[in-house]
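First comes the structure, then the notes that go with it.
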Amino acid sequence: MKNSIFKINTITAALFSALVMPCAFAEGDAAQLQSMEHITVLGEKTERSLKDTSSSVSIITEEDLKTMQSLTMSDAISDIPNVVVLSGAAPDIRGVSGNGGASGFNAFSGGAKARVSTLIDGVVEPFVAFVTADSGIWDVEQVEVFRGPQSTNNGRNSIGGAVYVKTKDPTFDWEGAARLGYRNQDSYVDSSVVISGPLVEDELAFRASFQRLDGDTIDNPVIFEANPPEHDLNAIETNRLKTKLLWKPNAIEDFSALLTYSTNDEKGNSGRKYYVGDDPYSYEPINPTYMDTESETISLKLDYEINDYLSVDFLAAVMDYQWAMDTYDETQAKEQFVKMDENNTTIDAKINFGNNNPTLNGFIGFAHFEREQDFYSKGAFPYNGDDISDSNAIYGDVSYNFANAWTVIAGGRVEKETQKRDFSMPNNDINNVKLDESNTISLPKLVLQYQISDETTLSLSGRRGYNSAGGALSWPTKQYYYYDAETVNTYEFTVRSSLSNDVNLSANMFFNNFDDYQALSSSRTIVNMDDAQTYGLELEMSAIITDDFQVNAGLGLLKTEIKDAGDDYAEATGNELNSAPEITANVSGKYWLTEAFNVGVSVNYVDEYFGDFANTEERKAGGYVLTRLNVNYETENWLIAAFINNALDEQELISNEPVGRSYPRGYSAIVEPRNIGASVTYSF
0 MKNSIFKINT
10 ITAALFSALV
20 MPCAFAEGDA
30 AQLQSMEHIT
40 VLGEKTERSL
50 KDTSSSVSII
60 TEEDLKTMQS
70 LTMSDAISDI
80 PNVVVLSGAA
90 PDIRGVSGNG
100 GASGFNAFSG
110 GAKARVSTLI
120 DGVVEPFVAF
130 VTADSGIWDV
140 EQVEVFRGPQ
150 STNNGRNSIG
160 GAVYVKTKDP
170 TFDWEGAARL
180 GYRNQDSYVD
190 SSVVISGPLV
200 EDELAFRASF
210 QRLDGDTIDN
220 PVIFEANPPE
230 HDLNAIETNR
240 LKTKLLWKPN
250 AIEDFSALLT
260 YSTNDEKGNS
270 GRKYYVGDDP
280 YSYEPINPTY
290 MDTESETISL
300 KLDYEINDYL
310 SVDFLAAVMD
320 YQWAMDTYDE
330 TQAKEQFVKM
340 DENNTTIDAK
350 INFGNNNPTL
360 NGFIGFAHFE
370 REQDFYSKGA
380 FPYNGDDISD
390 SNAIYGDVSY
400 NFANAWTVIA
410 GGRVEKETQK
420 RDFSMPNNDI
430 NNVKLDESNT
440 ISLPKLVLQY
450 QISDETTLSL
460 SGRRGYNSAG
470 GALSWPTKQY
480 YYYDAETVNT
490 YEFTVRSSLS
500 NDVNLSANMF
510 FNNFDDYQAL
520 SSSRTIVNMD
530 DAQTYGLELE
540 MSAIITDDFQ
550 VNAGLGLLKT
560 EIKDAGDDYA
570 EATGNELNSA
580 PEITANVSGK
590 YWLTEAFNVG
600 VSVNYVDEYF
610 GDFANTEERK
620 AGGYVLTRLN
630 VNYETENWLI
640 AAFINNALDE
650 QELISNEPVG
660 RSYPRGYSAI
670 VEPRNIGASV
680 TYSF
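The opening residue of the sequence shown carries number 0 in numbering that gives the first Met the number 0; numbering runs sequentially from there.
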């Protein structure tokens with residue numbers, strides 16, 4: 000953090016060099032770039048090319064995920080411009096907290112309302128107080144990270160953005176792979192396999208994948224002899240199983256059914272990693288915990304092309320999600336056990352029209368989501384409660400092309416949400432306080448596109464985002480209170496260009512105007528700030544410089560201001576939002592020494608940012624540069640990969656809490672220390 004100006008200049012120079020480097024492009028054999036016209040974006044309820052997508056979205060491909068260099072999904076998205084990944088939290092996008100105000104204990108007393116949703120194959124993942132169970136990436140086809148509200152597509156919990164994960168589907172040709180990998184810092188061992196092929200030729204196919212991660216984390220907890228822990232406080236183990244069955248009956252032309260079953264189990268030292276603030280690199284956690292996350296999901300996806308003009312998509316899913324946290328302390332009386340059980344159902348039905356009509360096409364859909372949730376805590380702070388929530392929505396999108404080069408896309412979503420939540424904390428005489436919310440919201444979207452040429456498209460768009468109201472318990476006063484819904488109007492100008500199949504350029508300029516922004520105040524209560532604004536730019540570039548050299552670069556610029564924090568948090572007026580670095584940037588290069596052997600380097604910069612809305616100097620973090628190196632040897636069937644993360648072993652903070660009454664030593668979250676790993680993958 001001391002050399003912030005030098006780091007900014009260094010990264011800016013590197014980006015400038017990458018963007019203006021003489022483009023003596025050639026049709027490379029080793030270095031190949033997929034044109035954005037052929038990159039399909041799936042996370043907006045329809046399939047569009049990246050070139051025709053107006054939303055600000057970054058695509059992480061299978062090529063970027065096939066080694067162990069990114070151990071978690073948080074690792075995989077951490078280099079994306081205008082994205083900050085904190086410890087054990089949903090990603091913060093454009094200065095907007097992904098967790099939202101209802102994080103930590105507030106998530107239980109009032110119900111979690113994250114601002115950034117995660118969807119896997121169209122099914123939304125639950126959010127609880129801590130983000131866990133994201134370790135292990137295997138058999139993933141593509142990850143899409145949307146910046147800005149996606150409420151018209153996903154409804155609640157997407158006002159800040161969304162992460163859409165697409166896993167691989169069954170194939171009618173036999174294929175498979177196995178990977179064995181190791182990472183030194185946490186002693187992680189990765190064992191992964193996948194097999195796919197036909198059961199009935201050209202009609203029925205399957206896919207089955209399994210991944211196991213087993214490791215010991217870097218934590219160095221204090222062990223109290225008088226109260227030995229029940230669990231290994233360093234160990235972590237993840238098991239993931241996914242099976243898919245694809246049916247394309249010969250008797251029903253243009254019909255397919257995809258049945259998916261997945262189970263995930265992560266146990267051990269996961270979630271937030273906060274270390275004592277006076278010496279965070281001693282790795283002494285302030286609250287040693289043992290997490291246990293289990294989920295089981297069954298989904299059915301139906302696709303039927305009725306004729307050349309009409310088609311139908313249908314998705315139904317049921318999920319059983321269980322999360323538990325067991326804390327460790329000096330005595331059993333100070334320990335706490337928290338458990339949450341959730342059962343949810345997703346239904347999404349959509350009719351597409353004008354499938355082969357470039358002039359007029361679109362879709363209209365119906366979405367239903369419901370969840371039942373029970374939770375309790377016993378030990379130092381006993382509480383319990385239950386929750387019943389549901390939402391029903393009609394959404395749609397119509398695209399009209401005129402004058403050959405112009406396209407108007409009009410869409411929106413009308414959604415009714417209800418939530419009933421009971422909360423009790425008997426030791427504090429809080430019994431059956433109720434949250435009973437019901438609201439109907441309209442979320443319009445309008446896009447105007449102009450195709451300058453076959454290579455370049457410009458877009459001007461406006462859309463509305465929304466996050467529902469809620470309630471929570473004030474820990475200092477032990478009083479239950481309520482807060483209002485928050486909304487945002489977003490306006491963006493987008494440029495997408497694919498030049499000579501050797502350069503992809505994406506740029507998004509944006510302005511967000513928030514009303515009743517939900518913020519965690521200095522008194523640890525959620526308040527609605529009347530007016531907050533953010534604006535900035537995301538710029539991304541991929542280029543083939545020579546036959547053997549590929550460069551990728553990204554730049555995020557961000558300015559935020561709390562225009563009016565309201566009477567309940569007046570001291571925050573005029574301040575920046577938290578977790579809002581003005582500059583984020585990345586540069587990476589990949590060079591092929593031979594067709595099989597390549598080396599790569601990537602550099603990621605995150606500017607300084609505040610850790611609270613009061614903009615307390617002691618809570619500043621960020622201001623770091625991280626470097627990654629990798630070497631790959633790849634043949635038709637084998638991939639041997641080695642990597643170094645945080646190659647310069649930078650010691651920097653991603654969050655910082657100063658000394659206080661609750662934490663006399665303060666606490667910090669840190670960038671991961673240098674780690675080295677390797678993996679061997681065999682595929683056929």
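From the three backbone atoms N, C-alpha and C, an ideal C-beta is built for every residue, glycine too.
Identify whether residue i lies in helix, strand or coil by the three-state DSSP scheme.
i, result
"Ile675", "strand"
"Ser108", "helix"
"Asn427", "helix"
"His367", "strand"
"Glu575", "coil"
"Ile7", "Per-residue confidence for Ile7 stands at a pLDDT of 41, beneath the threshold of 50, marking its modelled position as unreliable; the derived number appears in the next sentence. In the structure shown, Ile7 sits in a helix (DSSP, three-state: H, G or I)."
"Phe24", "Below a pLDDT of 50, predicted positions are generally treated as unreliable, and Phe24, at 35, falls in that range; the measurement from the model is reported next regardless. Three-state result, Phe24: coil."
"Pro197", "strand"
"Gln31", "coil"
"Gln331", "helix"
"Pro279", "helix"
"Ala315", "strand"
"Ala348", "strand"
"Asp302", "strand"
"Tyr568", "helix"
"Glu36", "helix"
"Thr489", "strand"
"Asn512", "strand"
"Glu581", "coil"
"Phe126", "coil"
Please name the residue or residues paired with residue i in a DSSP beta bridge.
i, result
"Ala640", "Asn631, Ser678"
"Lys415", "Asn391, Thr439"
"Glu236", "Asp213, Lys266"
"Glu293", "Asp264, Gln321"
"Thr455", "Ser496"
"Trp405", "Phe401, Tyr449"
"Val526", "Ala518"
"Gly470", "Tyr481"
"Tyr465", "Thr486"
"Val372", "Note on residue identity: the sequence assigns Gln, not Val, to residue 372. Its beta-bridge partners are Glu341, Asp386."
Exposed or buried, what is residue i when buried is set at 16 or more other beta-carbons lying within 10 Å of its beta-carbon?
i, result
"Gly384", "buried"
"Val221", "exposed"
"Val407", "exposed"
"Phe401", "exposed"
"Arg660", "exposed"
"Leu554", "buried"
"Gln448", "buried"
"Asp396", "buried"
"Asn81", "buried"
"Arg627", "buried"
"Thr439", "exposed"
"Asn403", "exposed"
"Arg420", "buried"
"Trp591", "buried"
"Lys333", "exposed"
"Phe609", "buried"
"Lys433", "exposed"
"Thr680", "buried"
"Thr699", "Outside the displayed range of the chain (0 to 683) lies residue 699, so it cannot be described from this structure."
Only counting the same chain, and skipping five residues up and downstream in sequence, which positions put a Cβ closer than 8 Å to that of residue i?
i, result
"Asn674", "Arg182, Asn183, Gln184, Asp185, Ile643, Asn644, Asn645"
Could one say the Cβ of residue i lies closer than 8 Å to chain B's Cβ atoms, at least one of them?
i, result
"Asp325", "Going by chain labels, chain B is absent from the structure shown, which holds only one protein chain."
Grab me the residues of residue i's own chain with a C-beta within less than 6 Å of its C-beta, minus the 5 sequence neighbours each way, in chain order.
i, result
"Phe492", "Leu459, Met508"
"Asn351", "Ser310, Phe362"
"Leu240", "Phe209, Thr262"
"Leu314", "Gly121, Lys300, Asp347"
Excluding five sequence neighbours on each side, which residues of the same chain lie with their C-beta closer than 7 Å to the C-beta of residue i?
i, result
"Leu625", "Asn603, Asn645, Glu649, Val670"
"Thr60", "Gln141"
"Asn238", "Arg211, Asp264"
Discussion item. Runs of 4 residues minimum, wholly inside the segment 583-628: which ones carry the alpha helix (DSSP H) assignment?
Written reply: none
Practice prompt. Quick one: which unbroken alpha helix (DSSP H) runs of 4-plus residues sit fully inside the segment 41-106? Chain order, please.
Written response: 61-64, 72-76
Fill in: Length at least 3, wholly inside the segment 135-195: the beta strand (DSSP E) runs in chain order
139-146, 160-166, 174-182
Worksheet entry | Secondary structure, beta strand (DSSP E): runs of 3+ residues fully inside the segment 537-564 | 548-563
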